[in-house]
Every structure is written in C-alpha cells, then in structure tokens.
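Student: Got a structure for you, questions after.
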Amino acid sequence: MTQLPQFSRALLHPRYWLLWLGIGLLYLVVLLPYPVLYRLGCGLGRLSMRVMKRRAAIAQRNIELCFPQMPPAERDALLKRNFESVGMGFLETGIAWFWPDWRVRKWFTGIGDEHIQQAKREQKGILLIGMHFLSLELGARMFGLLNPGIGVYRPNDNPLIDWLQTWGRMRSNKSMIDRKDLKGMIRALKAGEIIWYAPDHDYGPKSSVFVPFFAVPDAASTKGSYMLIRTAKPAVIPFLPRRLPHGKGYELIVLPDVQDVPTDNEEATARRMNQIVEEAVLMAPEQYMWLHRRFKTRPPGKEKLY
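Oh and the sequence shown: position 88 is 88 in this note's numbering, straight run, nothing missing.
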C-alpha cells in the first residue's frame with residue numbers, strides 16, 4: 001500500500017521558508033469572501049495568460065486540435081475564459097486545503113448523489129471518474145464531504161508540497177494511493193471503496209494505448225482503466241465540479257453509472273473512457289485543464305503536435 005508523507009521537523013528547514021511564506025499568503029488570501037475571490041481569480045487568470053505565454057500557446061494548440069471546426073473567434077474566447085479558470089483554479093486549491101467544512105458546503109450544490117447510493121446498495125466498489133478540471137482539488141474536497149473516498153495521485157517531488165497536498169486532500173477523504181499502485185486500487189475497489197481516478201492524462205508510451213480523444217485520432221490514453229474495470233468490476237461513475245458564473249458557487253455533478261465500458265482489450269476500454277471524458281468536458285469546456293501537453297506522446301513515426 002502507498003506510504004503517505006508525514007509532517008516532520010525537516011520541513012521547517014530554511015530551504016523551505018520561502019515556500020512556507022507563499023503557503024501562508026495563500027491561506028490569508030482565501031480568507032476573503034468568495035465573491036471577492038471569484039473576481040480576484042478571474043483577474044489573476046487574465047494576467048497569467050500574458051505571463052505564461054508558453055502555456056497559453058499549449059492551451060491554444062489543444063483547443064485547436066480538439067475543436068478544428070470551431071470558428072477562430074470562438075476558440076480565442078474559449079482560451080480567454082479558460083485562463084480565467086486557471087486563476088480560479090489556483091485560489092480553489094487554497095480553498096480546498098484551508099477552508100473549514102461549513103464554508104465549503106455553503107458554496108456548492110450536489111446533483112446526482114443517488115447514483116453513488118445505488119452503487120453502495122449493490123455493494124459495488126466505485127471507480128469515480130474525475131477529469132482534470134482546473135477545479136479538481138476543490139471538487140475532490142466537495143465530493144469527500146458527501147462520500148469520503150480514496151484519491152489516486154502522483155507524489156510531488158517537493159517534500160513540503162507532497163505533505164501539504166496529501167494533508168489537504170485528506171481533510172474530507174479517507175486516504176490516497178500512488179497512481180502506480182494498481183494492486184492497491186484493485187484491493188480497495190473489491191473492498192467496496194470509492195476510488196477517485198483520472199484517466200485523461202498522457203502517461204507516456206509504456207503506459208498508454210493510442211485511441212481518439214475529440215478530433216485527435218491517436219491520443220495516448222492510459223492502459224490502467226482496463227485492468228481496474230476488468231479485475232474489480234466496479235461501478236464506473238463520472239463526476240465534475242462545475243463552477244457557476246458570476247461568483248455564484250459550484251455544482252457538484254455526479255453522472256449515472258456507465259455500464260457499457262468494454263473490457264475486451266485495452267484499446268476498447270480506453271476508447272470508451274475517452275468518450276466519457278469528452279462528455280464531461282463539453283459540460284464546462286472553459287474549465288478543463290487545456291494548458292498541459294495532452295498529446296505529447298505520439299505513435300511511432302507520427303509527427304509531433306507541439
């Protein structure tokens with residue numbers, strides 16, 4: 001089982017003091033009223049679009065690749081809204097880690113929890129499909145307030161950030177599992193646990209198969225979904241935290257159990273999982289994490305997309 005990071009006095013070493021200062025500032029900022037944070041986050045995002053030019057170019061390229069039929073003016077508008085969401089995502093991380101439960105509950109409405117309860121009545125483990133929306137940290141915190149589960153994560157190389165993100169994510173959830181610990185995930189699902197799992201990143205050629213994602217016909221998509229679903233036979237339930245406009249809060253949307261995920265082979269499973277992700281992304285495309293290189297890994301002989 002994954003060994004989770006623990007706080008130690010070593011994290012108080014002077015090499016971490018500047019980082020502790022940044023954490024303290026984030027804590028103080030998120031004490032502000034949420035409508036103020038909403039305006040601040042959107043403004044921060046617009047500024048970051050000018051500063052993070054390389055990331056803005058990647059996001060623009062991803063949107064162009066995924067939506068080639070979208071008029072250029074619409075793609076530009078989507079990119080600008082997406083970077084407003086980038087700014088909000090930064091503040092939402094602080095909200096997720098530092099707000100008390102009562103304050104988080106005040107700002108979201110849960111929709112579709114009956115799908116989780118039905119799977120529990122059937123005594124199934126739940127593979128909770130959580131896409132890489134920019135509000136994913138807050139989404140996991142909100143979901144855990146209703147149905148505590150276990151998150152799948154990549155340990156951070158910085159020991160302080162690794163401890164802090166684990167501490168923050170476990171404020172309303174049970175535990176965390178390293179994304180490489182496939183056996184641990186299967187055991188948890190067979191025990192009836194909820195596993196938060198994101199299948200929508202590029203994990204390199206050894207861990208991927210090439211299947212369509214939006215208009216990209218050969219996107220590297222994780223093989224892990226195949227083993228989890230085939231072996232543990234869980235309910236496959238997507239969810240997304242959708243930020244409402246004008247600082248009105250969030251909808252935590254839980255979608256129905258997807259009962260038609262094929263397990264004939266890795267490609268068939270990955271293809272269906274990508275379709276699930278696409279359906280969720282289209283519910284809030286401006287809030288998806290377009291700024292990472294989703295199509296970095298290419299099939300042998302295919303040209304690079306960035």
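C-beta: ideal position from N, C-alpha, C; glycine also. Treat the numbers as computed from the prediction; the structure is a model and nothing was measured.
#1: Taking DSSP as the reference, what is the three-state secondary structure of residue 251?
#2: According to DSSP, is residue 27 part of a helix, a strand, or is it coil?
#3: Quick check: the stretch 74-87 against the stretch 39-52, are at least 3 beta-carbon pairs closer than 8 Å?
#4: Between the alpha carbons of residue 56 and residue 277, how many angstroms are there, rounded?
#5: Do you know whose CA, among 31, 63, 50, lies nearest residue 293's CA?
#6: Could you give the uninterrupted runs of the alpha helix (DSSP H) lying entirely in the stretch 173-233, keeping only those of 4 residues or more?
#7: Leaving out five residues before and five after residue 37 in sequence, what residues of the same chain have Cβ atoms less than 7 Å from its Cβ?
#8: Which residue comes first and which comes last in the alpha helix (DSSP H) that contains residue 151?
#9: Residue 93 by DSSP, collapsed to three states: which one?
#10: Find the nearest neighbour of residue 76 within the set 263, 49, 216, 100, judged by alpha-carbon distance.
#11: Just mark residue 8 as buried or exposed, buried being the case when its beta carbon has 16 or more other beta carbons within 10 Å.
#12: Tell me whether the stretch 257-264 and the stretch 226-239 touch, counting them as touching only if at least three CB pairs, one residue from each stretch, are closer than 8 Å.
#13: What are the complete beta strand (DSSP E) segments, minimum 3 residues, inside the stretch 246-298?
#14: Residue range of the beta strand (DSSP E) that residue 239 falls in?
#15: Hey, could you find the ends of the alpha helix (DSSP H) residue 45 is sitting in?
#16: Buried or exposed: where does residue 102 fall if 16 or more other Cβ atoms within 10 Å of its Cβ makes it buried?
#17: Whole-angstrom Cβ separation of residue 127 and residue 186, contact assumed at under 8 Å?
#18: Are there 16 or more other CB atoms within 10 angstroms of the CB of residue 34, so buried, or fewer, so exposed?
#19: Buried or exposed for residue 117, going by 16 or more other Cβ atoms inside 10 Å?
#20: Buried or exposed: residue 200, going by 16 or more other Cβ atoms within 10 Å of its Cβ?
#21: Do the CB positions of residue 145 and residue 172 come within less than 8 Å of each other?
#22: Among 188, 157, 286, whose alpha-carbon lies nearest the alpha-carbon of residue 45?
#23: In angstroms, rounded to a whole number, what distance separates the CA positions of residue 28 and residue 125?
#24: Below 8 Å on the Cβ atoms is my contact criterion, and I expect residue 241 with residue 138 to pass it. Report the Cβ-Cβ distance as a whole number of Å.
#25: In angstroms, rounded to a whole number, what distance separates the CA positions of residue 300 and residue 110?
#26: Please list the terminal residues of the continuous alpha helix (DSSP H) segment that includes residue 143.
#27: Tell me, please, which residues DSSP counts as bridged to residue 127.
#28: Do residue 212 and residue 298 come within 8 Å of each other at the CB atom, strictly closer than that value?
#29: Going by the CB atoms, is the gap between residue 295 and residue 209 shorter than 8 Å?
#30: Based on DSSP bridge pairs, tell me the residues matched to residue 111.
#31: By the three-class DSSP mapping on this structure, what secondary structure does residue 133 have?
#32: Please tell me whether residue 250 and residue 133 are closer than 8 Å, where the distance is taken between their beta carbons.
Tutor: Once the coordinates are examined:
#1: DSSP places residue 251 within a strand segment (E or B) once states are collapsed to three.
#2: Secondary structure of residue 27 (DSSP, three-state): helix.
#3: In the pairwise beta carbon analysis, the stretch 39-52 is classified as touching the stretch 74-87: at least three pairs are separated by under 8 Å.
#4: Using only the alpha carbons, I get a separation of about 22 Å.
#5: Selected option, being the one with the closest Cα: 63.
#6: Counting only runs of 4 or more, we get 182-190, 224-232.
#7: These residues qualify, in order along the chain: 30, 91.
#8: No alpha helix (DSSP H) holds residue 151; the beta strand (DSSP E) holding it covers 150-153.
#9: Three-state DSSP puts residue 93 in a helix.
#10: Closest in alpha carbon position to residue 76, among 263, 49, 216, 100, is 49.
#11: A residue is called buried once 16 or more other Cβ atoms fall within 10 Å of its Cβ, and residue 8, having fewer, is exposed.
#12: The stretch 257-264 makes contact with the stretch 226-239, as at least three CB pairs between them are under 8 Å.
#13: Secondary structure in the stretch 246-298: the beta strand (DSSP E) runs of 3 residues or longer, each lying completely within the stretch, are 250-254 in chain order.
#14: Residue 239 -> beta strand (DSSP E) spans 235-243.
#15: Looking at the DSSP string, the run of the alpha helix (DSSP H) that includes residue 45 is 34-51.
#16: Result: exposed.
#17: The Cβ separation is near 10 Å, so there is no contact.
#18: Classified as buried, residue 34 has 16 or more neighbouring CB atoms from the shown chains inside 10 Å of its CB.
#19: Exposed, by the Cβ-count rule.
#20: A residue is called buried when at least 16 other Cβ atoms come within 10 angstroms of its Cβ; residue 200 meets this threshold and is buried.
#21: For residue 145 and residue 172, yes; Cβs fall inside 8 Å.
#22: Looking at the Cα atoms, 286 is the closest of the given residues.
#23: One C-alpha to the other measures close to 38 Å.
#24: Rounded, the Cβ-Cβ distance is 6 Å, consistent with contact.
#25: The straight-line gap from Cα to Cα measures roughly 44 Å.
#26: Per DSSP, residue 143 belongs to the alpha helix (DSSP H) from 136-146.
#27: Answer is 195, 236.
#28: With contacts defined by Cβ atoms closer than 8 Å, residue 298 and residue 212 do not form a contacting pair.
#29: It is not a contact, given that the beta carbons lie outside the stated cut-off.
#30: In DSSP, residue 111 forms a bridge with 253.
#31: In the structure shown, residue 133 sits in a strand (DSSP, three-state: E or B).
#32: No, these two residues do not count as a Cβ contact at 8 Å.
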